[in-house]
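Using the working numbering, the final residue of the sequence shown is 1067, and nothing's skipped along the way.
Note sheet for the following structure.
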Amino acid sequence: MHASQLITALGARLDELAARIDAQGHPLVQQFRFDPLLFSARGNRLQDYLSENRATLSHLTSAVEQGRTERVAWLAQRLTDQVLALSRELATQNLRHEHPASAPAEDVYVRLAEHQDYERRLLAMIRDRESLCTVANDLACTRQLQQEITALEGRLMRCRQALTGLEYQIERRERGE
């Protein structure tokens, strides 16, 4: 494809994206969703990323006019990748609205109760292994029990981290964040 045709095609694609963004009412991006190497923009509006696409197209046009073929190839690939990323984000906007990332409050409380039960059971298993370890006569058996205790303590630590996260989620919900 000739450079001028490429620029025309990419410009038309950007116009389509702008129309889709306008049709969706300038949706906000809840969190940063793009590769930082792809976009330098860090805003939460898709319009910010579209503006960066237009700037890249402008740089591409300048590079074509200056005859800088390596720069043209790099900018064309970058702009194509940016357009594809923005298109994918627009396509998934409806899904994100239909299926919000945060679970209903009841689910968080159920998960909290499950993790509290896991914590209780893990503590009981650790106590059992420790009591067996104190009465074990065989060195190999003692070593095996100590390895099991270490593994259980690791699981307990991860369980407690999950509990802390769930408690934080509940706290944020109750404050209305």
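Idealized CB from N, CA, C, for every residue including glycine.
What residues in its chain sit with their C-beta under 7 Å from that of T946, if we drop five residues either side in the sequence? By one-based count along the sequence shown, residue 946 stands at place 56. Contacts found: L965, R968, L969 and Q972.
Is the Cβ-Cβ distance between V1000 and Q1059 less than 8 Å? Translated into positions along the sequence shown, residue 1000 becomes position 110. Translated into positions along the sequence shown, residue 1059 becomes position 169. Using a Cβ distance threshold of 8 Å, V1000 and Q1059 do not count as a contacting pair.
Three-pair Cβ contact test at 8 Å for the stretch 948-965 versus the stretch 1004-1020: Cβ pair count under 8 Å is below three, so no.
Helix or strand or just coil, what does DSSP make of R1033? Within the sequence shown, the letter at position 143 stands for residue 1033. In this structure, R1033 counts as helix in the three-state DSSP scheme.
Below 8 Å on the Cβ atoms is my contact criterion, and I expect C1023 with Q1036 to pass it. Report the Cβ-Cβ distance as a whole number of Å. Residue 1023 sits at position 133 when you count from the first residue of the sequence shown. Residue 1036 sits at position 146 when you count from the first residue of the sequence shown. In this structure C1023 touches Q1036 by the C-beta definition: roughly 6 Å separates them, less than 8 Å.
Can the beta-carbon of L904 be found less than 8 Å from the beta-carbon of L940? Numbered from its first residue, the sequence shown carries residue 904 at position 14. Numbered from its first residue, the sequence shown carries residue 940 at position 50. In this structure, L940 lies closer than 8 Å to L904 by Cβ.
Range of the contiguous alpha helix (DSSP H) that encloses S930: The residue given as residue 930 occupies position 40 in the sequence shown. Looking at the DSSP string, S930 is not in any alpha helix (DSSP H), and its letter there is neither H nor E.
Between the beta-carbon of L900 and the beta-carbon of L936, is there less than 8 Å? Here the question's residue 900 lines up with position 10 in the sequence shown. Here the question's residue 936 lines up with position 46 in the sequence shown. Not closer than 8 Å, so no.
Is the separation between the beta-carbon of L974 and that of L1012 shorter than 8 Å? Locating residue 974 in the sequence shown gives position 84, where the first residue counts as 1. Locating residue 1012 in the sequence shown gives position 122, where the first residue counts as 1. Cβ atoms of L974 and L1012: not closer than 8 Å.
May I ask which residues mark the beginning and end of the alpha helix (DSSP H) holding A953? Taking the first residue of the sequence shown as 1, we reach residue 953 at position 63. Element bounds for A953: L936 to Q956.
Note down, in chain order, each residue of its chain lying with its Cβ closer than 7 Å to the Cβ of V954, except the 5 sequence neighbours on either side. As a first step, residue 954 is located in the sequence shown; it is residue number 64 there, counting from the start. So the list reads A893, I897 and V962, once near-sequence residues are dropped.
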